[in-house]
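Participant:
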Amino acid sequence: MPIRLLDLRKFAIEKRVDVGFRDKNSGELCVVNKHGIAKIPGKNSFKEPFHIDIDEAIKTATEFIIDDGKGKQVINEEKMSEMIADALRPKAQSGVTAKKEED
């Protein structure tokens, strides 16, 4: 499954992590932070437009860096895709299940 920016944002928010990846063409590090905001560290992206296409950078990324504040983990694209799918899978309701009472 190709990784989409929207899914990566949801993952970062759900897991409260920063996810970094490099743009293949420019070598720039791109980060989707734990608030779901995509940025290029060190650049003032609010005043200057991105000179790279974040969506394309995600599609061509082969490694992702997950930073949970305690440490960094480098994982490949396939594992990142699996982690996103797991995080965004609908949560099963635990505990009480409604039982139909029959008369």
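Residue numbers (the working numbering): 17 to 119. Cβ atoms here follow ideal geometry from the backbone N, Cα and C, with glycine treated the same way.
#1: At a cut of 8 Å, does the segment 40-49 reach the segment 89-106 through at least three beta carbon pairs?
#2: Name, in chain order, the residues that DSSP records as bridge partners for PHE80.
#3: Go ahead and label LEU24 buried or exposed: buried means 16 or more other beta carbons lie within 10 angstroms of its beta carbon, across all protein chains shown.
#4: Can you tell me whether DSSP reads ALA101 as helix, strand or coil?
#5: Cα separation between ILE29 and PHE37?
#6: Express the C-alpha separation of ALA108 and LYS116 in angstroms, rounding to a whole number.
Facilitator: In terms of the structure at hand:
#1: The segment 40-49 vs the segment 89-106: no contact.
#2: Looking at the DSSP output, PHE80 shares a beta bridge with ILE91.
#3: Buried is the label assigned to LEU24, since at least 16 other Cβ atoms lie within 10 Å of its Cβ.
#4: In this structure, ALA101 counts as helix in the three-state DSSP scheme.
#5: Cα atoms of ILE29 and PHE37: separation of roughly 16 Å, rounded to the nearest angstrom.
#6: Confidence at LYS116 is low in this model, with a pLDDT of 48, below 50, so its placement is unreliable and the value that follows should be read with caution. Their Cα atoms are separated by approximately 19 Å.
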